[in-house]
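**Student:** First the structure, then my questions, so here it is.
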Amino acid sequence: MLLGNPNTGKTTLFNRLCGLRHKTANFPGTTLESRLGVVRAGSGEIRLDDLPGVYSIELDQHEARVCRLALEGSLALGGESVRAPDAVCVVLDATSLPRNLRMLGEALRRRLPMIVAVNMIDIARRRGIVINTAALERELGCPVVPVSGRTGEGVEALVAALERPRLATTTPPGDPTGERDWVERLAQIAEADTTPSADTFTERLDLAFTHPVVGLAVFALVMTGVFWALFRLATIPMDLIDSLFTSLGGFVASALPDGLIASMLVDGVIPGVGGVAVFLPQICLLFFLFSLLEDTGYLARASFVADRVLRPFGLPGHAFIPLLSSHACALPGIMAARAIPDRRERLATILVAPFMTCSARLPVYVLLTSLLFKDSPAMAALAFTGCYALGACAGVVSALIFRRTILRGEGRPMALELPSYKRPSVRDALMNAWDRGLVFARNAGSVILSISIVLWWLAAYPVAPPTPESAALREQAAALVHSQPAEAGALITRADSNEAQHRLESSFAGMLGRAVEPALAPIGYDWRISIGVLSSFAAREVFVSTMAVVLTGHEDADSEGVLGRIRQAKRDDGVTPVLTRATAWSLLVFFVLAMQCLPTLVVTAREAGGWKWAALQFAWMTGVAYAAALTTFTICKAMGIA
Amino acid sequence: MIATNPDISTRRIVPLTQLKRGERGVISETRTDDDSRALLGAMGLRVSEPIRLCRHGEPCIVLTGACETCRIGLTRKLADCVYVEVGG
C-alpha cells in the first residue's frame, strides 16, 4: 500500500511505478476512489494500492478512516479480497520532511513491514535541502529510498526495495511531546547538512495569484482559457464520436432484420449511449486541464480566490471545481464534490451543480435561440450568454437557500497546503484524464444503458398500426415506382414521417404527454412539447430530436427545412403555432433551470447518500424551472409577444 | 477545548492575523474546534511549531517548520484562531 500526505507526489510515483497497469475502484460502501496497480519487479509482480492522501491517518475524516481500515486489513477496494497489507510504502516529501515524519510515525506504530520513499528528491536538491537517507535507514531499520516520481530517479532502487520490505526497528512514542521530540531528532539526523534557499519565486507568485484584484483577474483568465479549450478543442473528437454512433446505428439498422431487437438497438441503446458518450472528449479534456493546473500548484491558490466569491453563498472555495466541471457535464461535477470536506457544503454543491449549463443543454439552446432570433445571430449569442448567467445565478442563490434552511450550519474554514509552483507532468495529466474517462464510460455503459432501454420502450409501445394516410401514400408510391422513381421516393419519405409521428403520438410517451398537458399548459406547452419535455429525461438533447419527430416526422432538426416546419407546426386548433415566441422563451428558461437528466439523479443519489437528496434536487429544480417559465410566459403574453 | 503551551504567560502572544509580513513566531494556542485543530496540527500548525508570515489577509499564508519549507494558506477566520508568540 502507498501511504502519504497530500502533495507528496504520491500519484506521480504510482504512475511511474505502474504505468497503465492499474484500475480505479471504490472502497465498498463509500464514495472514495483509489487505484490498484501492478509493479513489474524482478521476482514477479507486486500489487500496489494507492491510498488517498491524508495529513494524518488518525484524523476524524472520511479519507483517514478509509486509510485506517485498509491498514488494519478490514477494508479493501471493490472486487479485492479483504486482508492486511503485506507491506506499506510511506511516501515522504523531501522538501517538507519534518511534517511528513509525523505520518511516518503513525505508520510505524502499525507495526507492518515497511519501505520509505523520500520523493521529490530532485526538487529538494535544487532548493538546497540535503536528505541523508542512509542515516535515516540506519535509524529506522527499514529500507529508505531517495526517489523522484517525476524524473524516474531512484525508481529502480524503489522497485527492488518493494521486494524486501522490513519491519522497522524503531517505534515512535504515542504521546504528543514524545512524538515531537522523535520527529525533531529524526529531522536533525536526516537534514543535518541542509541550508534551504528561500523560495522567492513561489512567494512572489502567491502575492499576485491571491491578490483581491490581480488574483481574480488571473482566475477569470485561466477559467476562460479552460472554457475555450472545452468548447473549441473538444469539438473535433465530439463530432467524430457523434458520427461514429450515427454510422453504427445505420449499420445495425441495415444488418439486422426489422423487429424488436433492431428497434431497441437503433432507436434506444445506440442513440441513448451515444448521446452521453459524445461528451467523453470534453470530460477527458476537462480533467486533463485540471490535472495540469493542480500539478503547477495554481489550483490551491485558485481555491482561495473562489472562496471569496462563493463564501457569501454558503459554498466553500473547494466547490469551484465541481461547479466548473458541471459546465461540461453534471456527472463528473457531482463526483468532484467528494473533495469538499464539510458534509453540508458538499451536499449543497451536489444539489446545485446541475443548474450549471451543461453541454447537453446546448442543442436545445441552439434550436430555441435560432427560432427566436432567426435573422439576428448577435441577439442569439446574447441569449446564449444569458442562459449561462441565469443557470449560474440560480445555482448560487439555491445554494444560499439550502445553507440557510435544511443545510444550515457553520462552514468549515479553509486551510490548504500551497505547494511550490512547478512544471506540470503531461504524463500524469493524461493518465488522470484516461482514468476519469474510463469511470465516465463505465457509467454510460451501465446506468445510462438501462435508462435508454426504458425510454425507448415508452416511446415504441404500444405499436400503432399504419395510418390510412400513410397507407395511401405508400399505394401512390407503389404505382409511381417505375415511371417516376424520385416522386415515389418522396412519397415513401412522407409516409415514413407520418408513421413516425403517429407511432410517437400513440406510444406510452405520447399518452404521458397528453396526461401531463394540463399541468404544462399554463407555461405554454401543448401535448407535443410535453412529449419532448418528458423524453428529455433520458438526456436533455433528446428534446431536439423528439420535437423534430413529433412536429415534422424527421429526427434531423439541423436542416433549415425542418426548422421552418417546426416554426410552422400548428396546434390541434390548426391555427395557433406549437412554438410561439412566448412558448419558445418559456421553454428556454425551463431548460436552463429544470432537472431534465435521469443519470444525474442516479449519481446524486449515490454521491449524496440516498434517494431523498435526488428527490429534493428534482423537486427543487423542477419547481424553480416551472415558476420561472410561468413568469416568463406570463410576461411575454402581457407584452404581446406571441 | 484549547491547546495551550503552559510556559507562555509573560510573552507577547497575538493572533496570526496580527503578525507583520515576514515576522516569525511560535504557535502557542489554537482556539478552534477539535476537528479543525487536529487538521491544522497534522498540516504542521501545532503548538510550539515555528512559523513565518508570508501574506496578510485572505488567505493568510504562513511557512512552517524550522526550515520554513511547508507553505499553508488559511482563511482569515481560521488564522484569527491561531495564536502566536511573536519572535518565538
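One line per chain: the protein sequences are A and B, in this order. The letter at position 454 of the first sequence is residue 454 when you use this note's numbering, and the numbering goes up by one with no holes. Quick note, this note's numbering runs 1000 ahead of the 1-based positions in the second sequence. The C-beta atom is built at its ideal place from N, Cα and C for all residues, glycine as well.
(1) Taking Gly391(A) as the reference, give the member of Glu469(A), Val603(A), Ala433(A) and Val624(A) with the closest Cα.
(2) Which word fits Thr631(A), buried or exposed, when buried means at least 16 other C-beta atoms lie within 10 angstroms of its C-beta?
(3) Measure the C-alpha to C-alpha separation of Met677(A) and Arg68(A) and round it to an integer number of angstroms.
(4) Pull the bridge partners of Leu598(A) from the DSSP assignment, please.
(5) Could you name the residues of the stretch 407-431 of chain A whose beta carbon sits closer than 8 Å to any beta carbon of chain B, in the order they occur along the chain?
(6) If you check the beta carbons only, do Val544(A) and Leu367(A) fall under 8 Å apart?
(7) What's the C-alpha gap between Ser197(A) and Arg1052(B)?
(8) Tell me the rounded alpha-carbon separation between Val1026(B) and Asp1080(B).
(9) What runs of the beta strand (DSSP E), each 3 residues or longer, lie entirely inside the stretch 115-169 of chain A?
(10) May I ask you to list, following chain order, the residues of the stretch 150-173 of chain A that have a beta carbon less than 9 Å from some beta carbon of chain B?
(11) Quick one: what's got a C-beta closer than 8 Å to Phe402(A)'s C-beta in the same chain, skipping five residues either side?
(12) Is Glu607(A) closer than 8 Å to Ala429(A) when the C-beta atoms are compared?
(13) Considering just the uninterrupted stretch of the alpha helix (DSSP H) at Leu108(A), what are its terminal residues?
(14) For Asp307(A), which residues in chain B fall below 7 Å Cβ to Cβ?
(15) According to DSSP, simplified to helix, strand and coil, what is Glu417(A)?
(16) With 8 Å as the threshold, decide whether the Cβ of Ile1008(B) is near any Cβ in chain A.
(17) How many Å lie between Leu3(A) and Phe14(A) at the Cα?
(18) When DSSP labels each residue in this structure, what does Gly4(A) get in the three-state scheme?
(19) I'd like to know whether the C-beta of Thr1069(B) is nearer than 8 Å to at least one C-beta of chain A.
(20) Taking only beta-carbon atoms, is Pro98(A) less than 8 Å away from chain B?
(21) Go through its chain and collect everything with a Cβ distance to Arg1076(B)'s Cβ below 8 Å, but skip five positions before and after it.
(22) Helix, strand or coil, according to DSSP, for Leu593(A) in the structure here?
(23) If we define contact as Cβ-Cβ less than 8 Å, is Tyr55(A) a contact residue for chain B?
(24) Below 9 Å between beta carbons is the criterion; list the residues of the stretch 587-603 of chain A that meet it against any residue of chain B, in chain order.
(25) Comparing the C-beta of Pro1059(B) with each C-beta of chain A, is any distance below 8 Å?
(26) Please state whether DSSP places Cys1054(B) in a helix, a strand or coil.
(27) From the DSSP secondary-structure annotation, give me the bridge partner or partners of Val624(A).
(28) Looking only at C-alpha atoms, which of Asp496(A), Gly249(A) and Leu92(A) sits nearest to Asn119(A)?
(29) Does any CB atom of chain A fall closer than 8 Å to the CB of Ile1072(B)?
(30) By the 10 Å Cβ neighbour count, where 16 or more other Cβ atoms means buried, how is Lys612(A) classified, buried or exposed?
(31) Which whole runs of the beta strand (DSSP E) in the stretch 361-422 of chain A are 3 residues long or more, in chain order?
(32) From Ile641(A) to Ala389(A), what distance separates their C-alpha atoms?
(33) Anything in the stretch 1037-1048 of chain B with a Cβ closer than 9 Å to a Cβ of chain A? List those residues in chain order, please.
(34) Counting along the chain, where does the alpha helix (DSSP H) carrying Tyr298(A) start and finish?
(35) Can you find a CB in chain A that lies within less than 8 Å of the CB of Arg1055(B)?
(36) Leaving aside the five residues before and after Ala229(A) along the sequence, list all residues of the same chain whose C-beta is less than 8 Å from its C-beta, in chain order.
**Tutor:** Taking the definition as stated:
(1) By one-based count along the first sequence, residue 391(A) stands at place 391. Closest option to Gly391(A), Cα to Cα, is Val624(A).
(2) Counted from its first residue, the first sequence places residue 631(A) at position 631. So Thr631(A) counts as exposed.
(3) Given that chain A is displayed from residue 1 to residue 642, the structure contains no residue 677(A) and the question cannot be resolved.
(4) To locate residue 598(A), count along the first sequence from 1; it is residue 598. None; Leu598(A) has no bridge partner.
(5) Arg412, Pro413, Met414, Ala415, Leu416, Glu417, Leu418, Pro419 and Ser420
(6) The count along the first sequence starts at 1 and reaches residue 544(A) at position 544. The count along the first sequence starts at 1 and reaches residue 367(A) at position 367. Yes; because the gap between Cβ atoms is below 8 Å, this pair is in contact.
(7) In the first sequence, the residue the question calls residue 197(A) occupies position 197. In the second sequence, the residue the question calls residue 1052(B) occupies position 52. If I take the Cα positions, the gap works out to 15 Å.
(8) The count along the second sequence starts at 1 and reaches residue 1026(B) at position 26. The count along the second sequence starts at 1 and reaches residue 1080(B) at position 80. So the alpha carbons of these two residues sit roughly 15 Å apart.
(9) 144-146
(10) none
(11) Here the question's residue 402(A) lines up with position 402 in the first sequence. Around Phe402(A), the same chain offers Gly314, Leu347, Ala348, Leu351 and Val352 as residues with beta carbons nearer than 8 Å, after the five sequence neighbours per side are excluded.
(12) Numbered from its first residue, the first sequence carries residue 429(A) at position 429. Numbered from its first residue, the first sequence carries residue 607(A) at position 607. In this structure, Glu607(A) does not lie closer than 8 Å to Ala429(A) by Cβ.
(13) Along the first sequence, read from residue 1 onward, the residue named residue 108(A) stands at position 108. From DSSP, the alpha helix (DSSP H) with Leu108(A) extends over Leu97 to Leu108.
(14) Along the first sequence, one-based indexing puts residue 307(A) at 307. The answer, in chain order, is Thr1075.
(15) Counted from its first residue, the first sequence places residue 417(A) at position 417. Note: Glu417(A) maps to strand in three-state DSSP.
(16) The residue labelled residue 1008(B) in the question sits at position 8 within the second sequence. Unreliable placement is indicated for Ile1008(B), whose pLDDT of 49 sits below 50; the coordinate value is still reported in the next sentence. No, no contact with chain A.
(17) Numbered from its first residue, the first sequence carries residue 3(A) at position 3. Numbered from its first residue, the first sequence carries residue 14(A) at position 14. Cα-Cα distance, rounded: 11 Å.
(18) Numbered from 1 along the first sequence, position 4 holds the residue referred to as residue 4(A). In the structure shown, Gly4(A) sits in a strand (DSSP, three-state: E or B).
(19) Within the second sequence, the letter at position 69 stands for residue 1069(B). Contacts with chain A at 8 Å (Cβ-Cβ) include Thr1069(B).
(20) In the first sequence, residue 98(A) corresponds to position 98, counting from 1. So yes, Pro98(A) belongs to the interface.
(21) Numbered from its first residue, the second sequence carries residue 1076(B) at position 76. These residues qualify, in order along the chain: Thr1017, Gly1057, Glu1058, Pro1059 and Cys1060.
(22) For this step, residue 593(A) is matched to residue 593 along the first sequence. DSSP places Leu593(A) in helix when its eight states are reduced to three.
(23) For the purposes of this step, residue 55(A) is taken as residue 55 along the first sequence, with counting starting at 1. Closer than 8 Å to some Cβ of chain B, the Cβ of Tyr55(A) qualifies, so yes.
(24) none
(25) The residue you call residue 1059(B) lines up with position 59 of the second sequence. Interface residue, yes.
(26) Locating residue 1054(B) in the second sequence gives position 54, where the first residue counts as 1. Here Cys1054(B) sits in strand by DSSP.
(27) The residue given as residue 624(A) occupies position 624 in the first sequence. According to DSSP, which records beta bridges pairwise, Val624(A) is partnered with nothing at all.
(28) As a first step, residue 119(A) is located in the first sequence; it is residue number 119 there, counting from the start. Considering only alpha carbons, the answer is Leu92(A).
(29) For the purposes of this step, residue 1072(B) is taken as the residue at position 72 of the second sequence. At a cut-off of 8 Å between C-beta atoms, Ile1072(B) counts as an interface residue with respect to chain A.
(30) Locating residue 612(A) in the first sequence gives position 612, where the first residue counts as 1. Looking at its Cβ environment, which holds fewer than 16 other Cβ atoms inside 10 Å, Lys612(A) is exposed.
(31) 415-417
(32) Position 641 of the first sequence holds residue 641(A). Position 389 of the first sequence holds residue 389(A). If you draw a straight line from the Cα of Ile641(A) to the Cα of Ala389(A), it is about 23 Å long.
(33) Answer in chain order: Ala1038, Leu1039, Leu1040, Gly1041, Ala1042, Met1043, Gly1044, Leu1045, Arg1046, Val1047 and Ser1048.
(34) In the first sequence, residue 298(A) corresponds to position 298, counting from 1. Tyr298(A) -> alpha helix (DSSP H) spans Tyr298 to Leu310.
(35) Here residue 1055(B) refers to the residue found at position 55 when the second sequence is read from its first residue. Closer than 8 Å: yes.
(36) Counted from its first residue, the first sequence places residue 229(A) at position 229. Leu285 and Leu289.
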